[in-house]
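Report on one structure; see the data block that follows.
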Amino acid sequence: MLNDVITGLRATDIPLAAAGYELGVGRTVPTTAAVVGLAAVVVGVLALARPGARSRPLAALVLGLVAALVGGLHAASAAGGLGTGNGLAGALVALLLGLIGAALGGLALARSRSSV
Numbered sequence: 000m001l002n003d004v005i006t007g008l009r010a011t012d013i014p015l016a017a018a019g020y021e022l023g024v025g026r027t028v029p030t031t032a033a034v035v036g037l038a039a040v041v042v043g044v045l046a047l048a049r050p051g052a053r054s055r056p057l058a059a060l061v062l063g064l065v066a067a068l069v070g071g072l073h074a075a076s077a078a079g080g081l082g083t084g085n086g087l088a089g090a091l092v093a094l095l096l097g098l099i100g101a102a103l104g105g106l107a108l109a110r111s112r113s114s115v
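Reminder that position 55 of the sequence shown reads as 54 in numbering that gives the first Met the number 0, one-by-one numbering, no gaps.
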């Protein structure tokens, strides 16, 4: 049944952009970085709440740094301001969440090293 639906959609001329909103490369990269930053925050909170596993603080630190780096680079190279469709808002969110996730991961890592 799902194959029939997919085949039917391919046969029609339904545009991929709904209501004039199109997710292009300018928005995809910072949105993905923001999701990675959110994952870093979640993993960092879990690492602080349940100490013991050494991989959680490292994962939060690395994910946070990657999200902050990608978000910062995209924000620095974005042409135009907020609302122009270039992904600046997503880049700023990625930068903020990445820094928070890296800080939580670093704090959890320092706490786990001091308890050893």
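In this text, a Cβ means the ideal position worked out from N, Cα and C, and glycines have one as well.
Any C-beta of chain C under 7 angstroms from that of residue i
| i | result |
| --- | --- |
| S76 | Going by chain labels, chain C is absent from the structure shown, which holds only one protein chain. |
N- and C-terminal bounds of the alpha helix (DSSP H) containing residue i
| i | result |
| --- | --- |
| P56 | 54-76 |
Three-state class that DSSP yields for residue i in the structure shown
| i | result |
| --- | --- |
| R49 | coil |
| L91 | helix |
| L81 | coil |
| G43 | helix |
| G86 | coil |
Whole-angstrom distance between residue j and residue i, CA atom to CA atom
| i | j | result |
| --- | --- | --- |
| I13 | L108 | Bear in mind that a pLDDT of 48 at I13, under 50, signals an unreliable position, so the model cannot answer this. |
| V42 | A101 | 10 angstroms |
| A32 | G80 | 19 angstroms |
| L64 | A75 | 16 angstroms |
| I99 | L47 | 13 angstroms |
| A77 | V34 | 19 angstroms |
| G71 | A93 | 8 angstroms |
| L45 | G25 | 31 angstroms |
Outcome for residue i when other beta-carbon atoms lying within 10 angstroms are tallied against a minimum of 16
| i | result |
| --- | --- |
| R55 | buried |
| A49 | The sequence given here has Arg at residue 49, not Ala. Label assigned to R49: exposed. |
| R112 | exposed |
| A52 | exposed |
Reference residue i; option with closest CA among the options
| i | options | result |
| --- | --- | --- |
| V40 | A52, P29, R112, L106 | L106 |
| G36 | V44, R26, G25, L95 | L95 |
| L68 | A90, S111, V44 | A90 |
| A38 | N85, A66, L87, V28 | A66 |
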